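Below is one structure; the comments refer to it alone.
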Amino acid sequence: MRGRSIVTRERLDRTVIDIEFLLIAVIQGLALTTLAINSEAVIGDPQWLYWPYMVAGFVLIINFWALAVTHSISFISWPFDIVHTVLYLLLAFVEVAAFGQITHPAKWFIFMLAFFLVSACLYGWDLQMIRARRPEFENTPARMALYAHIHDRQTSELRLLLPAALAFQGLIVIVLLVSPSTILDGNRHIFVVVAQIVFGLVYLGDTIRNFSVRAQLITECIEDGSLDG
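If you're matching positions, the sequence shown starts at 296 in my numbering and goes up one per residue.
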C-alpha cells in the first residue's frame, strides 16, 4: 500500500545509530570550531605559553570522537536511551566550555575535572546499557566474544582509567584552591597541561589498538551471519 511504513527492529536500530552519529558529528564539530576560534587569538598574538592548551584540546576532541564512534558501532541500538544522550550532551557542554578557557589555566583545570566527573557518570550508565543488551549477543560464539570485549573494556576503563584521571585532575584543583601559586607561578602549569597531552596521546594509541580488535570481532560476526537482519 502506498505510504505504508513498516516498523522493524532493524529499522529502529539504524535510526538510533543514525541519531547517535548525527550527535557525534554536530557536537564534535562545534567543539572543534570553539577550539579553533579561541586558538586564533593565541596564535595571532602570539601567546606561545598557551599553545599546549590548544594541543591538549585537540587531543581531547580526537579521543572523545574515537570513543563515541566505537561505542556507537558496538552497543548502541533500540530502544533509544534518553539518559545516555543527556549525559553525552552534558559532557560535550563541559568540553566546549573548557575550550573557552585555554588562556585561563586555573579555569581550564577545573573544567577538566568536571569533564572527567561527567565521563565517569556516562561510563557507568553505558556499562548498564551494555549489560542490559547481553541477551542480544548470546546467539553465537562470535557475538559472545564481541560482547566480552565490549564489556571488559568498559569495565576496566571505569575501574582503572577514570579513577586515575579523576585523582590526577582532582589533585590539581585542590592545589589550585589551597595554594594556586604552586601551579600558576613560574608558568609551572605548563608541565601539568603537557602531562595531560602525554596521557591523552597514550590513551589515543590504546584506543586505536582497541578499535582494531573490536573491528575484527565485528567482522567475524558479519562473516558468520550473526549481525545480518
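We put the beta carbon where it would ideally sit given N, CA and C, even for glycine.
These numbers come from a predicted model, not from an experiment.
Coil, strand or helix - residue i by DSSP
{"i": "proline 529", "result": "Past the edges of the chain, shown from 296 to 524, lies residue 529, and the structure says nothing about it."}
{"i": "isoleucine 397", "result": "coil"}
{"i": "asparagine 434", "result": "coil"}
{"i": "proline 458", "result": "helix"}
{"i": "serine 334", "result": "helix"}
Inter-residue spacing [alpha-carbon to alpha-carbon] between residue i and residue j
{"i": "alanine 393", "j": "leucine 455", "result": "24 Å"}
{"i": "tyrosine 442", "j": "isoleucine 513", "result": "10 Å"}
{"i": "serine 372", "j": "cysteine 516", "result": "16 Å"}
{"i": "leucine 318", "j": "arginine 429", "result": "25 Å"}
Assigned exposure category for residue i - 16 Cβ within 10 Å defines buried
{"i": "serine 474", "result": "exposed"}
{"i": "valine 489", "result": "exposed"}
{"i": "valine 487", "result": "buried"}
{"i": "aspartate 501", "result": "exposed"}
{"i": "glutamine 423", "result": "exposed"}
{"i": "phenylalanine 375", "result": "exposed"}
{"i": "proline 436", "result": "exposed"}
{"i": "serine 476", "result": "exposed"}
{"i": "histidine 399", "result": "exposed"}
Residue j beta carbon less than 9 Å from that of residue i
{"i": "asparagine 333", "j": "isoleucine 397", "result": "yes"}
{"i": "leucine 457", "j": "tyrosine 418", "result": "yes"}
{"i": "proline 347", "j": "isoleucine 492", "result": "yes"}
{"i": "valine 413", "j": "leucine 385", "result": "yes"}
{"i": "leucine 472", "j": "alanine 415", "result": "no"}
Residue-level contact to chain B via CB, residue i, 9 Å cutoff
{"i": "threonine 398", "result": "As a matter of chain content, chain B is missing from the structure shown, which is built from one protein chain."}
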